[in-house]
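Trainee:
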Amino acid sequence: LMDPTCVVVRDGWLQALHEARQQSDAPVLGRHKKVMRQEQPVINGWSRFAWYDSCALRRLNLETYFEKRIDNPWWKYRNEIDPRTLNLAFTGPHFSAFDTMFEHLLYALCCMDATGAADPLEWQSCAAGTDCPLIVSGNPYELDGTKITEKTVMVYTVVTRSIGYMMMRQHLRNAGIKKAVRAGQTPPTVKNYPLSGPRYNLIGDNSRLLDIDMLKDMFVGERCFIIGNGPSLKKTDMRPLKNEYTFGLNRIYLNYENMEFEPTFLCVANRNVAEQFHIDLDQLNSVKFIDYPLRPFISNRWNTFFLESYGFHDFNTDLGDLRWCQGVTVTYCAMQVAFYLGFDEVILIGVDHSFSKAGRPHQLVTEQERDDNHFHPDYFGKGVKWQYPDLKRSEVSYQVAKDTYEKHGRRIYDATVGGKLTVFPKVAYDTLFERSTAAVR
């Protein structure tokens, strides 16, 4: 029931909307989103704040678009659109419920259903009658008095749900940080940077709660970079990776200032790292994959997956059981995660595969000097406990990873500057940004 004195009834807003609804059989009624092509406006979506007819939308078989991708019908026109008017219909070459904002996806599906045409330039007549000036969007603190009291305007606000939900997710995501870094005790040690990824980044800012099954094959057709921690990173311009999906390993955060981004994903399998630097790890925003025995050290568990380790050189292609094989190197763990996520190409950088100090593999030592084996002198700096690597056994693991990827029609390439690893085909790092796979095939 609605109080007859409330604004939407008293000022006739509901009556005006009802009349508009009666005059249109469109499945959506709301403001149009437009782009400029050849100095002409082109409709390419509805405002998300619109009146959606759920009965009409059921005809579109929306469930299908949570299971498959189609080609983005707008993508071929992206270079013809005034860049000042580009919107979220142009975020990538694919269209699906995961790649595309729903106001653009529903618009495309409705128009294709009504016209039978796949070319969006043929949809304009279909969409023309759905524009409704009665519905505008905005937040109360952004609206002036004229808009609020105007009798022909229905105001939809995003405060109570969208913004509130976003704030709740951020609170949950940061709860672990607040627990680990008490005010007045330990100041934050890691500066925040945006997560790396393309414009259509499916992870975004890591504010959406994920589960392991949701991640399976999410990135089919994409490539990613696994960033090792070798000293060659000091010779590598990593800024182009801002627009790529990336995996960081262990203490990669010591390089964030040079990288100017945070990796999309982070893998940690080293107990010495987790035990000594867990407060740093709790401050990171990457989607994390961490060896299960390290769980007691990690307080910030937002989108953090703990995986049991098994075997010596096994390669687990299905992490749905939350298991991986360490293979004596965290890089091998990252290769299994990348496979499960569906990446077709994995490119290694910073995997130098050489150490200036020799020692018995896995021997635990306390560093007495600066660290010359990694990109930062404090990585395993003076006073830090660490173990000598097992380079020979890691090569066995890498060969298993190479064989598994190639068996499934995928590839791992090595773009490390001056690296000593010989298992994977080499590619020149600087050529990789001329455009994706053309540079490595």
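Sequential numbering from 54 applies to the sequence shown in our numbering. Beta carbons are placed, not taken as given, at the ideal position from N, Cα and C, and that holds for glycine. Since we're looking at a predicted model, the values are computed, not measured.
Tell me which residue opens and which closes the beta strand (DSSP E) that Ile400 is part of.
Mentor: Translated into positions along the sequence shown, residue 400 becomes position 347. It spans 398-402 - the beta strand (DSSP E) in which Ile400 sits, taken as one unbroken run.
Trainee: Report the three-state DSSP secondary structure of Ser460 (helix, strand or coil).
Mentor: Start at 1 with the first residue of the sequence shown, and residue 460 comes out as number 407. According to the sequence as given, residue 460 is Lys; it is not Ser. Three-state DSSP puts Lys460 in a helix.
Trainee: Enumerated in chain order, which unbroken segments of the alpha helix (DSSP H) with a length of 4 residues or greater are wholly contained in the region 362-441?
Mentor: Listed in chain order, the complete alpha helix (DSSP H) runs (minimum 4 residues) inside the region 362-441 are 383-394.
Trainee: Following a CB-centred definition, is Gly281 positioned closer than 7 Å to any heavy atom of the ligand FAD?
Mentor: Because no ligand of any kind appears in the structure shown, any question about the ligand FAD cannot be addressed here.
Trainee: Pull up the distance between the alpha-carbon of Phe314 and that of Ala161, whole angstroms please.
Mentor: One-based indexing of the sequence shown puts residue 314 at position 261. One-based indexing of the sequence shown puts residue 161 at position 108. Roughly 34 Å between the two C-alpha positions.
Trainee: On the DSSP letters alone, give me the boundaries of the alpha helix (DSSP H) that Asp266 sits inside.
Mentor: Here the question's residue 266 lines up with position 213 in the sequence shown. Unbroken alpha helix (DSSP H) run through Asp266: 265-268.
Trainee: What first and last residue would you give for the alpha helix (DSSP H) that runs through Thr475?
Mentor: Along the sequence shown, one-based indexing puts residue 475 at 422. Here Thr475 belongs to no alpha helix (DSSP H), and DSSP marks it neither H nor E.
Trainee: CB-CB under 6 Å to Tyr118, same chain, minus the five flanking residues each way: which ones, in chain order?
Mentor: By 1-based counting over the sequence shown, the position of residue 118 is 65. Excluding residues within five positions, the ones whose Cβ falls inside 6 Å are Ser149, Ala150.
Trainee: Counting only the same chain and skipping the five closest in sequence on each side, list residues whose C-beta sits under 7 Å from that of His157.
Mentor: Locating residue 157 in the sequence shown gives position 104, counting from the first residue. Only Asn97, Gly98, Leu141, Ala142 meet the Cβ criterion.
Trainee: Report yes if the CB atom of Asp124 is closer than 8 Å to the CB atom of Pro94, and no otherwise.
Mentor: What you label residue 124 is simply residue 71 of the sequence shown in a count that begins at 1. What you label residue 94 is simply residue 41 of the sequence shown in a count that begins at 1. Result no, Cβ atoms of Asp124 and Pro94 do not sit closer than 8 Å.
Trainee: Between Gly471 and Ser285, is the Cβ-Cβ spacing less than 8 Å?
Mentor: To locate residue 471, count along the sequence shown from 1; it is residue 418. To locate residue 285, count along the sequence shown from 1; it is residue 232. Yes.
Trainee: Excluding five sequence neighbours on each side, which residues of the same chain lie with their C-beta closer than 8 Å to the C-beta of Met271?
Mentor: For this step, residue 271 is matched to residue 218 along the sequence shown. Counting only Cβ-Cβ distances below 8 Å, and skipping sequence neighbours, we find Phe151, Leu255, Leu394, Gly395.
Trainee: Taking Gly169 as the reference, which of Pro442, Val88, Leu334, Leu113 has the closest Cα?
Mentor: Your numbering for residue 169 matches position 116 in the sequence shown. Selected option, being the one with the closest Cα: Leu113.
Trainee: Does the Cβ-Cβ distance between Tyr363 and Asp333 come in under 8 Å?
Mentor: Residue mapping note: residue 363 aligns to position 310 of the sequence shown, counting from 1. Residue mapping note: residue 333 aligns to position 280 of the sequence shown, counting from 1. Their beta carbons are not under 8 Å apart, which means Tyr363 does not touch Asp333 by this criterion.
Trainee: From Thr370 to Gln389, what distance separates their C-alpha atoms?
Mentor: Translated into positions along the sequence shown, residue 370 becomes position 317. Translated into positions along the sequence shown, residue 389 becomes position 336. The straight-line gap from Cα to Cα measures roughly 6 Å.
Trainee: Using the DSSP secondary-structure output, state which residues sit across from Gln75 in a beta bridge.
Mentor: Numbered from its first residue, the sequence shown carries residue 75 at position 22. Answer is none; Gln75 lacks a bridge partner.
Trainee: Does the count of Cβ pairs from the region 424-440 and the region 323-330 closer than 8 Å reach three?
Mentor: Touching, per the Cβ criterion.
Trainee: Report yes if the C-beta distance between Gly403 and Gly283 is below 8 Å; otherwise report no.
Mentor: Within the sequence shown, residue 403 is the residue found at index 350, counting from 1. Within the sequence shown, residue 283 is the residue found at index 230, counting from 1. Yes.
Trainee: Just curious, the beta strand (DSSP E) that Ile280 is in, first and last residue?
Mentor: Here residue 280 corresponds to residue number 227 of the sequence shown, with the count starting at 1. Unbroken beta strand (DSSP E) run through Ile280: 276-280.
Trainee: Does DSSP classify Asn311 as helix, strand or coil?
Mentor: The count along the sequence shown starts at 1 and reaches residue 311 at position 258. Looking at Asn311 - three-state DSSP - the assignment turns out to be helix.
Trainee: Which word fits Phe278, buried or exposed, when buried means at least 16 other C-beta atoms lie within 10 angstroms of its C-beta?
Mentor: Position 225 of the sequence shown, counted from the start, is the residue given in the question as residue 278. Buried, because 16 or more other Cβ atoms sit within 10 Å of the Cβ of Phe278.
Trainee: Report the residue from Thr144, Ala109, Ala73 whose alpha carbon sits nearest the alpha carbon of Gly83.
Mentor: Along the sequence shown, read from residue 1 onward, the residue named residue 83 stands at position 30. The candidate whose alpha carbon is nearest that of Gly83 is Ala73.
Trainee: Using CA coordinates, which residue listed in Ser339, Val321, Thr382 is at the minimum distance from Leu360?
Mentor: Position 307 of the sequence shown, counting from 1, holds the residue named residue 360. Considering only alpha carbons, the answer is Val321.
Trainee: Helix, strand or coil for Leu248 per DSSP?
Mentor: As a first step, residue 248 must be located in the sequence shown, where it is residue number 195. Leu248: strand per DSSP, three-state reduction.
Trainee: Classify Met165: buried if its beta carbon has 16 or more other beta carbons within 10 angstroms, exposed otherwise.
Mentor: The residue you call residue 165 lines up with position 112 of the sequence shown. Met165 should be labelled buried.
Trainee: Checking 8 Å against the spacing of the C-beta atoms, do Ala468 and Leu401 come in under that value?
Mentor: Indexing the sequence shown from 1 puts residue 468 at position 415. Indexing the sequence shown from 1 puts residue 401 at position 348. Yes.
Trainee: Go to Asn325, then tell me how far its alpha helix (DSSP H) extends in each direction, as first and last residue.
Mentor: Against the sequence shown, residue 325 aligns to sequence position 272. First-last of the alpha helix (DSSP H) with Asn325: 324-335.
Trainee: I need the DSSP call for Val208, collapsed to helix, strand or coil.
Mentor: Locating residue 208 in the sequence shown gives position 155, where the first residue counts as 1. At Val208 the pLDDT is 39, less than 50, meaning the model places this residue with poor confidence; the figure from the coordinates comes in the next sentence. If DSSP states are grouped into helix, strand and coil, Val208 belongs with the strands.
Trainee: Return the CA-CA distance between Arg214 and Ser260, expressed in angstroms with no decimal places.
Mentor: To locate residue 214, count along the sequence shown from 1; it is residue 161. To locate residue 260, count along the sequence shown from 1; it is residue 207. Low confidence applies here, because Arg214 scores a pLDDT of 41, under 50, leaving its location unreliable and the question unanswered by this model.
Trainee: State the Cα-Cα distance for the pair Ala387 and Ser178, rounded to the nearest angstrom.
Mentor: Mapped onto the sequence shown, residue 387 falls at position 334. Mapped onto the sequence shown, residue 178 falls at position 125. The alpha-carbon atoms of Ala387 and Ser178 are separated by roughly 49 Å.
Trainee: Distance check for Ser352 and Asp483, CA to CA, integer angstroms please.
Mentor: As a first step, residue 483 must be located in the sequence shown, where it is residue number 430. As a first step, residue 352 must be located in the sequence shown, where it is residue number 299. Rounded to the nearest angstrom, the two C-alpha atoms are 38 Å apart.
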